[in-house]
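When we follow our numbering, the leftmost residue of the sequence shown carries the number 1, and every step to the right adds one.
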Amino acid sequence: EFRFFIQGRRVGQGTAARQTAALRVRMLQEADRAVWTRLWTGYLTFYKTTLPETTYNTTWQRLLTPGEPMNGALCELDDGSAVGLVHYIQHRNGWDPRDSYYLQDLFTAEEARGKGVGRALIEHVYAESERNGLGKVWWLTHETNTTAQALYNKIADKPGFIQYEQKD
């Protein structure tokens with residue numbers, strides 16, 4: 001479990017006082033399927049895509065199977081409501097003898113944006129990488145996702161590579 005504290009943030013709808021928000025990031029558990037599905041669907045909707053139910057099922061099983069290189073975590077508010085998710089994959093690296101984490105998916109529910117959820121999830125992956133003796137964490141984002149890039153520019157380097165993928 002990873003706790004992340006944000007000073008001076010407004011917490012919850014209609015809260016007049018400024019408070020300290022405690023965000024809790026924890027690894028996915030079997031009982032999280034419904035909330036994970038809600039957040040995962042929100043992520044896919046954000047990127048205007050859908051996936052078949054078989055892909056949801058396969059991804060979920062990979063995230064929970066010990067020994068799989070895929071990992072997943074949720075970010076929760078003080079009240080226990082899950083407002084963010086991250087998926088990250090451990091892989092070999094030809095540039096470093098240590099494995100790396102590829103941060104594949106990062107999502108914050110719309111109602112929790114601007115509250116530090118994305119940063120808490122990334123910091124969780126950074127901490128897991130350090131705990132496991134891995135190399136650098138890396139990820140991609142869409143060029144139009146300027147809100148996320150504003151955060152990423154504060155907590156990561158932008159090495160300048162351009163992504164290519166096989167044509168259909």
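For glycine and all other residues, C-beta sits at the position ideal for the given N, C-alpha and C. These numbers come from a predicted model, not from an experiment.
- Counting of Cβ neighbours within 10 angstroms places W40 among the buried residues, the total reaching 16 or more.
- CA-to-CA, the gap between L121 and A82 works out to about 12 Å.
- DSSP places H87 inside the beta strand (DSSP E), whose first and last residues are A82 to H91.
- By the Cβ neighbour-count rule, F161 is exposed, with fewer than 16 other Cβ atoms within 10 Å of its own.
- Contact check for Y43 against D99 fails: the beta carbons are separated by 8 Å or more.
- Three or more Cβ pairs drawn from the region 67-85 and the region 28-36 lie within less than 8 Å of each other, which places the two stretches in contact.
- Sorting A109, G116 and D157 by C-alpha distance to the C-alpha of F46 places A109 at the top.
- With a threshold of 16 other beta carbon atoms within 10 Å, R92 falls short and is exposed.
- In this structure, DSSP gives Q61 a helical state, which the three-state scheme calls helix.
- Scanning its chain for C-beta atoms nearer than 7 Å, with the 5 sequence neighbours on each side dropped, one finds around E68 the residues R62, in chain order.
- Annotation for L74: the continuous beta strand (DSSP E) segment containing it runs M70 to E76.
- Inter-residue distance for L28 and A73 is about 5 Å (C-alpha atoms, whole angstroms).
- For Q163, the closest of A150, W138 and T147 by C-alpha to C-alpha distance is W138.
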